Structure formats: structure tokens, C-alpha cells
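> The structure's right below; bear with me while I get my questions together.
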Amino acid sequence: MPPVPVRPGIYKIHAHIIGPSALVTATEHAVKYGAPVITDRLNPLPIEQEWIIQPSEPIPGAPYVIHLAAHESAGLVVQEDKLWVNSVPRPEWAKFTFESVIGGVKILTEKHLAFRANHRGAQITLVDPKPEFQETFTLEFIGSIGEE
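The C-terminal position of the sequence shown is numbered 153 in my numbering, with every residue numbered one higher than the one before it.
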């Protein structure tokens with residue numbers, strides 16, 4: 006499937022897993038490659054659950070980068086086929102595309118690996134894409150970048 010465009014802005018990223026609603030969340034404690042990115046219950050604090058999605062470059066069709074809305078320098082990085090958030094220079098952030106699937110979107114890396122949320126509390130892993138529920142996400146638009 007061809008990539009779908011995403012409006013730059015602030016989002017909550019909902020994971021489609023069995024059980025209570027889960028959001029893509031940055032954990033509070035950094036380890037080997039930064040803070041693990043997991044799926045967790047809705048947290049009243051947006052600091053760890055609101056993400057800015059924007060093109061990596063100002064050209065049409067560019068892949069996207071994702072970073073915490075509350076921490077402008079904390080972007081998503083990929084190491085050991087897992088997703089982390091880390092304050093590293095922007096060129097080191099991972100780049101992503103989005104594909105439309107039944108019920109939402111599939112989030113893919115440049116190496117064409119898909120986000121997978123195995124269960125609530127598990128770190129997001131990157132896998133070869135398959136038509137599986139745990140690889141489907143919903144992007145909830147919260148607002149434009151720079152809105153207070």
C-alpha cells in the first residue's frame with residue numbers, strides 16, 4: 006500500500022490491543038538506549054502520551070519524525086528492533102511512514118518494519134508487517150503545533 010499523508014500536529018497514538026484502551030507512552034526511566042516506549046493506560050498527564058508528528062524534511066512525500074510534544078528534543082529512535090525515546094540530535098531520530106489498514110494505520114520504519122504492541126505495558130517492538138490487530142494504531146489529533 007502507498008503511504009498516507011498525516012497532518013503535522015500533536016497526537017495521541019492509540020494501540021489496538023485486547024483489554025483497556027492503551028496509548029503509546031514514553032516511560033519515565035531511561036535505560037540502555039533511552040526511555041522505552043510502551044503501551045499503557047490513559048494517563049492524565051500528557052507529558053508522556055502526546056506526540057508531535059511532522060515531516061522529517063520540508064519536501065512533499067518526506068517520511069515523518071515523531072517526538073514528545075512536551076520535550077522538543079526527545080525523539081523516537083530505533084535500536085535492537087525496539088522503540089525508544091531519547092534526547093539525541095534530530096538527524097538521529099527514526100523516520101516513519103503510515104499505511105492505511107482496516108481500523109486505523111500501520112506505522113512503518115524506513116526499513117519497512119511495523120510497530121507492534123503485544124500487550125499493555127510491553128515495549129513497542131518492530132516486526133515484519135503482517136495483517137495483525139496488534140500492528141494497528143489510531144492517530145487522535147489533539148491540535149496543531151504551537152497551539153497553547
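Cβ atoms here follow ideal geometry from the backbone N, Cα and C, with glycine treated the same way.
All values reported here derive from a predicted model rather than from experimental measurement.
Is it a yes or a no for the segment 33–46 touching the segment 94–101, going by three-plus beta-carbon pairs under 8 angstroms?
no
> Count the C-beta pairs between the segment 133–149 and the segment 112–122 that are closer than 8 angstroms, then say yes if the count reaches three, no if not.
yes
> Return the bridge partner residues of Pro41 from the DSSP annotation.
If you number the sequence shown from 1, residue 41 lands on position 36. The partner list for Pro41 (beta bridge, DSSP) reads Trp89.
> Can you find the residues in the same chain that come closer than 6 angstroms, C-beta to C-beta, to Thr141, ignoring five residues on each side of it along the sequence?
For the purposes of this step, residue 141 is taken as residue 136 along the sequence shown, with counting starting at 1. For Thr141, where only same-chain residues beyond five positions count, the Cβ hits under 6 angstroms are His21, Val106, Gly108 and Gly109.
> Quick one: grab the DSSP three-state call for Gln128.
Taking the first residue of the sequence shown as 1, we reach residue 128 at position 123. Reduced to three states, the DSSP call for Gln128 is strand.
> Which stretch, first to last residue, makes up the beta strand (DSSP E) that contains Gln59?
Locating residue 59 in the sequence shown gives position 54, counting from the first residue. Counting along the chain, the unbroken beta strand (DSSP E) around Gln59 starts and ends at Trp56 to Pro60.
> Can you tell me which of Ala35, Trp56, Pro8 and Thr30 puts its alpha carbon nearest to the alpha carbon of Ile15?
In the sequence shown, the residue the question calls residue 15 occupies position 10. Measuring from the Cα of Ile15, the nearest candidate turns out to be Trp56.
> Less than 8 angstroms between the CB atoms is what I'm expecting for Arg61 and Pro68, so what's the real figure, rounded?
For the purposes of this step, residue 61 is taken as residue 56 along the sequence shown, with counting starting at 1. For the purposes of this step, residue 68 is taken as residue 63 along the sequence shown, with counting starting at 1. Checking the sequence, you will find Ser at residue 61 rather than Arg. Between Pro68 and Ser61 the Cβ distance is about 5 angstroms, and since that is below 8 angstroms, they are a contact.
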